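Student: Counting from 1, one number per residue, gives the positions in the sequence shown under full-length UniProt numbering.
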Amino acid sequence: MTKQESVDFVIKTLNNIYPHIPIPLDHKDPYTLLIAVLMSAQSTDVRVNQITPLLFEVADNPYDMIKLSVEEIRDIIKPVGLSPMKSKGIHGLSKILIEKHDGKVPQSFEALEELPAVGHKTASVVMSQAFGVPAFPVDTHIHRLMYRWNLSSGKNVVQTEKDAKRLFPKELWNDLHLQIIWYGREYSPARGWDLEKDIITKTIGRKSVIKEYYKKKKS
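1) Where do the ends of the alpha helix (DSSP H) carrying aspartate 8 lie?
2) What span of residues does the alpha helix (DSSP H) with aspartate 102 cover, start to end?
3) For glutamine 107 and lysine 211, what's the separation of their Cα atoms in angstroms?
4) Is the beta carbon of lysine 151 less than 8 Å from the beta carbon of glycine 184?
5) Among Ser83, Val118, Thr203 and Asn156, which one has its Cα closest to the Cα of phenylalanine 9?
6) Can you name, in chain order, every residue of its own chain whose Cβ lies under 7 Å from the Cβ of serine 94, other than the five neighbours on each side?
7) So, for glutamate 114: in the same chain, excluding its five sequence neighbours on each side, which residues have a beta-carbon less than 7 Å away from its beta-carbon?
8) Would you call the CB atoms of leucine 176 and leucine 14 closer than 8 Å?
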């Protein structure tokens, strides 16, 4: 297959499997999404979705959040991991949102990435899912699959994002990045991977990856 044929195959297959795309993190507005995404770093969406209701019951907006101490926030979100850093980030960005943005989540990458504990990936998720701005947040699933599908070098997530944006139509980015995440979880995981079920990798995958899969399976 040519590169374009591979891209077209990915789009068609994912649209067939995921015509309706669920949002992984539960939220009700840009602020609760921002907090949920920040909490998801090095944690699972399932765990975050278990903890955010407890936090949002107490504070679901920046004005109520800054009434809590960093320690109080940390006690609530401790199960998601990295709670010392995340609690400081949540408290700090809530204060900045009030002081600089009238309590609202800003609708620009630059302003979001200036907030404590908010990196490019978090900003991209918020811009795409809260505001509908085309973005292609790259998580471990997308990074892994873009390499397996021979659509990126796997060098780093920055390069993977550049390749994804270059290869896929801009109007598809917001849906496609979610579809790839769900596909990675269900059909092409890092562990317990069954290539026979992974139709995309089996069809267009990097030859060395497929060869290594069968080699490990035999051993």
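No residue lacks a Cβ here, since even glycine has one placed at the ideal position from N, Cα and C. Predicted model, so just to flag it, every value in this text is computed and none were measured.
Tutor: Taking the definition as stated:
1) DSSP places aspartate 8 inside the alpha helix (DSSP H), whose first and last residues are 3-17.
2) Unbroken run through aspartate 102: none, as it is neither H nor E.
3) Cα-Cα distance, rounded: 45 Å.
4) According to the sequence displayed, residue 151 carries leucine and not lysine. Between leucine 151 and glycine 184, the CB-CB gap reaches or exceeds 8 Å.
5) It is Thr203 whose Cα lies nearest to the Cα of phenylalanine 9.
6) Result list for serine 94: Pro62, Met65 and Ile66, in chain order.
7) Hits under 7 Å: none found.
8) Cβ distance < 8 Å, so leucine 176 and leucine 14 count as in contact.
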